[in-house]
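Protein chains: 2
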Amino acid sequence: MENKVFFLVPVSAVLALFFAWYFFHQMKKESEGTISMQKIAKYVREGAMAYLKQQYKVVGIVFLIITIIFSFMAYYLKIQNPWVPFAFLTGGFFSGLAGFIGMRTATYASARTANAAQQSLNAGLRLAFRSGAVMGLVVVGLGLLDISIWFYVLQLTIASDSSMKLIIITTTTLTFGMGASTQALFARVGGGIFTKAADVGADLVGKVEEGIPEDDPRNPATIADNVGDNVGDVAGMGADLYESYCGSILSTAALGAVAFAAKGTAVQFNGVIAPMIIAAVGIILSIIGIFMVKSKEDASQKQLLSSLSRGINFSAIFIAIFSFLILKYLNIPNYLGIWGSMLAGLFGGVAIGKITEYFTSAGFKPTQRISESSKTGPATVIIAGIGTGMISTAFPVLVVGISIILSYLFASGFDFSNISMGLYGIAISAVGMLSTLGITLASDAYGPIADNAGGNAEMSGLAPEVRRRTDALDALGNTTAATGKGFAIGSAALTALALMASYLEEIKIAIARIPEKTELFFNAMQTDIHQASIPQLIEYFQINLMNPRVLVGAFIGAMSAFLFCGLTMNAVGRAAQKMVQEVRRQFREIAGIMEGKAEPDYARCVAISTKGAQKEMLLPSLLAIIIPILTGVIFGVSGVMGLLLGSVSTGFILAIFMANSGGAWDNAKKYIEEGNLGGKGSENHKAAVVGDTVGDPFKDTSGPSLNILIKLMSMVSIVMAGLTVAWSLL
Amino acid sequence: MENKVFFLVPVSAVLALFFAWYFFHQMKKESEGTISMQKIAKYVREGAMAYLKQQYKVVGIVFLIITIIFSFMAYYLKIQNPWVPFAFLTGGFFSGLAGFIGMRTATYASARTANAAQQSLNAGLRLAFRSGAVMGLVVVGLGLLDISIWFYVLQLTIASDSSMKLIIITTTTLTFGMGASTQALFARVGGGIFTKAADVGADLVGKVEEGIPEDDPRNPATIADNVGDNVGDVAGMGADLYESYCGSILSTAALGAVAFAAKGTAVQFNGVIAPMIIAAVGIILSIIGIFMVKSKEDASQKQLLSSLSRGINFSAIFIAIFSFLILKYLNIPNYLGIWGSMLAGLFGGVAIGKITEYFTSAGFKPTQRISESSKTGPATVIIAGIGTGMISTAFPVLVVGISIILSYLFASGFDFSNISMGLYGIAISAVGMLSTLGITLASDAYGPIADNAGGNAEMSGLAPEVRRRTDALDALGNTTAATGKGFAIGSAALTALALMASYLEEIKIAIARIPEKTELFFNAMQTDIHQASIPQLIEYFQINLMNPRVLVGAFIGAMSAFLFCGLTMNAVGRAAQKMVQEVRRQFREIAGIMEGKAEPDYARCVAISTKGAQKEMLLPSLLAIIIPILTGVIFGVSGVMGLLLGSVSTGFILAIFMANSGGAWDNAKKYIEEGNLGGKGSENHKAAVVGDTVGDPFKDTSGPSLNILIKLMSMVSIVMAGLTVAWSLL
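These protein sequences, in sequence, are chains E and U. Residue 0 is where the first sequence starts when you use numbering that gives the first Met the number 0, and the numbers rise one by one after that. Residue 0 is where the second sequence starts when you use numbering that gives the first Met the number 0, and the numbers rise one by one after that.
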């Protein structure tokens, strides 16, 4: 190792995993409450495990097939990096593992949280939040562990002393991101379809047709709904953020290897590990922050909120300060500018969070106006929600635009032609946002736990006070989670742009692997491919806006985002319809169900969601892999670059639109349920429920999957660079 | 004139206007029916005129302000082309005039069509179709007239013999496109908001709440609804297609001037007038085609359809053949390849039409599935409609992608580096699609006339047979209009791409106007700016995908499309809510309204729609002008190019999504009304009506406006090129 400080990375990873284990065991020691509570928790746990088993089986087959193809391309055709099959597998494995552990924890924690909430709000918060922290820490711990191991192994095995060594290492480790992204997309799409089919089904028949409350045990879909929270919101989110976290670090490392290649291997090494060290320090700060979240036993909700915010703000502020010290200590050239890039990212993330809150919280005009529109029926609720969601995209786009320009300019020393430094700046600004993921994810993941605790309390017939407390916990989480979501969205766009640059690096390596292509390049550009600059690659491949391949690529990229959303929306619609029919059937055929005398067939609803999700997740997920490959083979490098620009820009905007429309509908409905505009049961409420139901797949299936989609398409392009160079037609 | 054949252009323009006048007078000679029919027609006519007067007043002020700004920039700052203020004004004037005449004709024709339909289906068709043809011919006639006059005047006044002369002329005429686009956007947005506010308002209270049929005279919003059809569907569409038609011809001429600059002025001249000659021949073929639409007096609906198709197909097939002869006669270099480009465009347009039909007609699975989803309520109808609409974007994008690549390759002789010929190919493929606009627009514009005739029949209490006949006419129009719509959508995307290339040409002229900039360019590229090639401009301005200004521009462009849609959606929502409240108030407060004893206050509803539309249309329309200017000033040329790519790709896809979702919801509802799934009045029908209501602003306000938006943003960029070059910050 060029710099011993690197070992901070595996150490902090192990530390994260240790504390995850510690919090898990602490939680397990608590009582799971009454027999009825235990029984319901067991139902949910078993349903979730059954789903995940099925999910991993299907995804396992997909991984097997892709690994065989990669091996064939690497060892037989020799047009691919030979490490790819292994990197792909570990990325997928760890991403899945992070989701799995998070979900296991959540299913153990929900009944315990309900039980603790009987005691006090604070007890409930502690238990739920620390259980959420298990997932936060597992994600960052496994992420940095995987990165450390690969980095260390490749350091030992790749024999070279030149600056090429780190470039090859970092672009190779980058490919494990494809495994993580693939796993994450399946988890998000499958889990998203499962949870929303159950949710929509439960709501449409239970709430709208039969008029029984949410989580009523008489509703056959209620267990499936709670299972869905776990497999969609917890397991899906875990895999998703594992991918984001690793993606941002790896792409920064890869761009660092290029940006500092000419400054000597010591400087280059430091540039590569800088994002990892920042992430490592972020872990330590997250752990401290998690311990800061506690309050007096009789704390009010406001005090709890400030305690929660204290932990998150502490980590965010200190990572900003420590990053400066880290960059200075590592003696990164222009460390002040690069620190500026990071700050631009951090401020951008905070701003996106605030904007999201403005557009989706019932405390502000936009959501209130959606509530108002319920006076004229469901159609105007839908129109207002779609309109508001579309308008809301403008501000995050401007924020991200400013972040991109500032982080590029700061890092490049205000010189647009200093491309590799500028791109490093864009990449590291995403690392800044995700470095404290340990704690921000904790505050995101504990929401579903509190939600499930509420479900358990309702079904077990605990006092209404308990449900009110778990609802308060859930609401608390929504407020603090806004910043985390802003970071997740903003970093996705920035990382995806960084991956476009990494793609060009990978293209260089792919050309170098094929002697004829190397010669062609040399003849055209009079430069050895290893020494080729980004402007030379741009010229050689005509990666400009007057190249029809770029234009068509951009159209296809933008269309991919829409196609993907359409497929996932329809998947939820179809699965939900089956659920509705099943729930109606049970209400009709099982005698005594409405009187609470007969137990509904919960398992059958779980099975319907499972089957629907497994069947429906394949096509959209596979398209995300196939489209970049085909585009590369047909349109070549310039087509792929256009594709990535189109998918990143449109995908990013579509994701915000869907997330915000969905969030606003949800809260517009809650606003009415709080007693405004006629309250629960009024015609206005019914109209708002239609909005909320449409918003379910918007905000929990299609929207969040898009963030993964845009990165997976970049990752696939990177991994398939060899194929594109070898075979492209046009 | 280098080639006397040019005079075919003004001659055919005058011919088109003559036949428009002829058809108008023939229509006026027919009887307007009973006193009651005349009264209703008068109401509608007056409402429409009142609206248009108000609309032109507002738009007039906007035009005045913009013209003053242009004059200031041209004559005081001297950074702009001095012809721009005049060109801008005539473009706006003629575009508005085309819409105005079309609407006048439609409001005179509707009662007469109802009256003729009493006699026979064929009589109704003849009258409605020839009235639609008035608009078709006025649009193409005024378009070519405006182009001829400008072209002729500039030929006389610009003193130069070099190849620069035609480049300057064509880029100058191009700027009148901005006037046409601005007028068109206001017409589409204002008219779209008007019509949908009235439609949604009339449906929600009349159909859903009170259970009275469409166009029932007891419904206070029914006149406003019929006025809306005229100001939105007729006047809006007229201005829209005027802009598309001229835009495609002018951008092709501008690219032709560049592509053939090195081949001598005679060849260059022919390359420039080729699209005009094709359009001129298209006019003559359209007129013949219009006369071919007639049938025996007792014709069945099928016979009428085949008669309608015969006229359209005749024009399309013969323009394909004649184009070859024209290109060969003009001796255009590689005329066979360029003809191939045109055919690629034509086939693309036909394919998009067929795809649209598949996804939106109740005869096929996708729309039937949306109908089916009504069994589980309005929420699943919305989810299914959005999902289907999003999926449907994939195929038109692939078709346009293939058209782009093929037309580029054919025209460039399969050489990607032959950029200017390739771009000429892309541009002329759009001309092919729109050359027979005279007849395709006739078959599009007669739909609203038939629709209004039905409204008049209903309100005047004519026999149900008459309504059935007008409905049949409307359905007939929908089938044949699909191809026309495919052409309109496809040509918008292709023209917008061509305008990106024209933008770069305009940038050259803008640089040449400022001595320091000319010198800077020469020092950097060692080429005189007049001789600069597209690759040199790309290099100089770094118009590549790794330039952060391009990336940010693309994000902003994609976001603009969403923002624009969101604003127009919300505008319709707000205006519709006001309408609903007014209609409810009238039902409540005017005694005897439901028994037909008291007349509702129609005028008040018209006034609400008018006020709503005027107030709401300003912001989105002005944004379309301001965003490209600000992007240019802040991010410079590369930022604008990114902006245009982002807005064209995302805007195009969003437009298809919205049009197809809206169309599918509409037909899913009609499918149920035909007696399927429980028929009219069932719960399923109510759910489908919610979908249809949401779809109204999708397909008639936001969706069609997007096609104009993407071209207006290009036009503004072109016109403001001088400002961008002189002042850009980054």
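Even glycine gets a Cβ: it sits at the ideal position worked out from N, Cα and C.
Checklist line | Minimum length 4: unbroken alpha helix (DSSP H) runs contained in the segment 19 to 91 of chain E | finding: 34 to 70
Check: So with Cβ pairs under 8 Å, would you call Gln541 (chain E) a contact of chain U?
Finding: yes
Next item on the list: For Pro212 (chain E), go through chain U and note every residue whose CB falls closer than 7 Å to its CB, in chain order.
Entry: Residues of chain U passing the Cβ test: none, with the nearest at roughly 19 Å.
Checklist line | Proximity to Gly678 (chain U) [Cα-Cα], best of U:Ala523, U:Lys374, U:Met26 | finding: U:Lys374
Notebook entry, point to check: Using Cβ-Cβ distances below 7 Å, what residues of the segment 673 to 699 of chain E are close to chain U?
Noted result: Val689, Thr692, Val693, Pro696
Notebook entry, point to check: Among residues of its own chain, excluding the 5 on either side of Pro447 (chain U), which ones have a beta-carbon nearer than 6 Å to its beta-carbon?
Noted result: Asp228, Asp232, Val233
Item checked: Whole-Å CB distance - Leu498 (chain U) paired with Lys710 (chain U), under 8 Å assumed -> Cβ atoms of Leu498 (chain U) and Lys710 (chain U) come within 8 Å of each other, at about 7 Å.
Margin query: Quick check on the DSSP output: the alpha helix (DSSP H) that includes Asn218 (chain E) runs from which residue to which?
Written below: In the DSSP assignment, Asn218 (chain E) falls outside any alpha helix (DSSP H) and carries neither an H nor an E.
Check: Are the C-beta atoms of Met712 (chain E) and some chain U residue less than 8 Å apart?
Finding: no
Checklist line | Cβ contact check for the segment 70 to 80 of chain U and the segment 713 to 726 of chain U: 3 or more pairs under 8 Å | finding: yes
Notebook entry, point to check: For Ala265 (chain U) and chain E, any beta-carbon pair shorter than 8 Å?
Noted result: no
Check: Roughly how far, in whole angstroms, is the beta-carbon of Thr609 (chain E) from the beta-carbon of Tyr50 (chain E), given that I think they are within contact range, below 8 Å?
Finding: 5 Å
Next item on the list: Quick one: using the 10 Å Cβ neighbour count with 16 as the cut-off for buried, is Met593 (chain U) buried or exposed?
Entry: When all chains shown are included, Met593 (chain U) counts as exposed.
Margin query: Please tell me whether Ser372 (chain U) has its Cβ less than 8 Å away from any Cβ of chain E.
Written below: yes
Next item on the list: Please name the residue in U:Ala179, U:His684, U:Gln541 whose C-alpha comes closest to that of Gly641 (chain U).
Entry: The candidate whose alpha carbon is nearest that of Gly641 (chain U) is U:Gln541.
Item checked: Proximity to Gly336 (chain U) [Cα-Cα], best of U:Gly412, U:Glu518, U:Phe358 -> Checking every option, the nearest Cα to that of Gly336 (chain U) belongs to U:Gly412.
Check: Using a threshold of 7 Å, is the CB atom of Gln585 (chain U) nearer than that to any non-hydrogen atom of the ligand NAD?
Finding: Although the ligand NAD was asked about, the structure shown includes no ligands whatsoever.
Item checked: Member of E:Gly352, E:Ala456, E:Pro547 whose CA lies at the smallest distance from the CA of Asn417 (chain U) -> For the options E:Gly352, E:Ala456, E:Pro547, the alpha carbon positioned closest to that of Asn417 (chain U) is the one of E:Pro547.
Checklist line | Separation of Trp338 (chain E) from Leu405 (chain E), as counted between CA atoms | finding: 11 Å
Next item on the list: Could you tell me which chain E residues have their CB closer than 7 Å to the CB of Gln576 (chain U), listed as they occur along the chain?
Entry: Ser372, Thr375, Thr379
Item checked: Given Leu345 (chain U) as reference, the closest of U:Lys577, U:Arg368, U:Gly362, U:Asn312 once Cα atoms are compared -> U:Asn312
Next item on the list: Identify each residue in the segment 383 to 404 of chain U for which the Cβ-Cβ distance to at least one residue of chain E is less than 8 Å, and report them in chain order.
Entry: Ala383, Ile385, Gly386, Thr387, Gly388, Met389, Ile390, Ser391, Thr392, Ala393, Val396, Leu397, Val399, Gly400, Ile403, Ile404
Item checked: Check whether Ile744 (chain U) and Leu644 (chain U) have beta carbons under 8 Å apart -> As displayed, chain U neither begins before 0 nor continues past 729, which places residue 744 (chain U) out of reach and without an answer.
Note to self: Between Ala575 (chain E) and Val199 (chain E), how many whole angstroms is the CB-CB distance? I'm expecting something under 8 Å.
What the structure shows: 4 Å
Item checked: Ile369 (chain U) beta carbon less than 8 Å from that of Phe394 (chain U) -> no
Check: Just checking my contact of Leu120 (chain E) with Arg468 (chain E) at CB under 8 Å: how many whole Å lie between their CB atoms?
Finding: 5 Å
Check: Tell me, which residues are paired with Asn543 (chain U) by DSSP?
Finding: For Asn543 (chain U), which the question treats as bridged, DSSP gives the partners E:Asn543.
Margin query: Below 8 Å, how does it come out for the segment 550 to 564 of chain U and the segment 648 to 662 of chain U: are there three or more Cβ pairs, yes or no?
Written below: yes
Checklist line | Reference Val715 (chain E); option with closest CA among E:Gly694, E:Asn659, E:Leu622 | finding: Nearest of E:Gly694, E:Asn659, E:Leu622 to Val715 (chain E), Cα basis: E:Leu622.
Check: Would Ile167 (chain E) pass as a contact of Ile508 (chain E) if the rule is Cβ separation under 8 Å?
Finding: yes
Margin query: For a test of the three-state rule: what should DSSP assign to Asn455 (chain U), helix, strand or coil?
Written below: helix
Check: For a contact meaning CB atoms closer than 8 Å, what does Pro599 (chain U) contact in chain E?
Finding: The premise fails here: Pro599 (chain U) is roughly 19 Å from chain E at the closest Cβ pair, so nothing lies under 8 Å.
Notebook entry, point to check: If you check the beta carbons only, do Asp443 (chain U) and Gly483 (chain U) fall under 8 Å apart?
Noted result: Yes, Cβ-Cβ distance for Asp443 (chain U) and Gly483 (chain U) is below 8 Å.
Item checked: Pairwise C-alpha distance: Val571 (chain E) and Ala196 (chain E) -> Looking at the two C-alpha atoms, the distance is approximately 5 Å.
Next item on the list: Might you give, ordered along the chain, the residues of its own chain that have their beta carbon closer than 7 Å to the beta carbon of Phe193 (chain E), omitting 5 neighbours on each side?
Entry: Tyr50, Gly227, Val230, Gly231, Ser608, Thr609, Ala612
Check: Among E:Arg309, E:Thr379, E:Ser94, which has the Cα closest to the Cα of Tyr244 (chain E)?
Finding: E:Ser94
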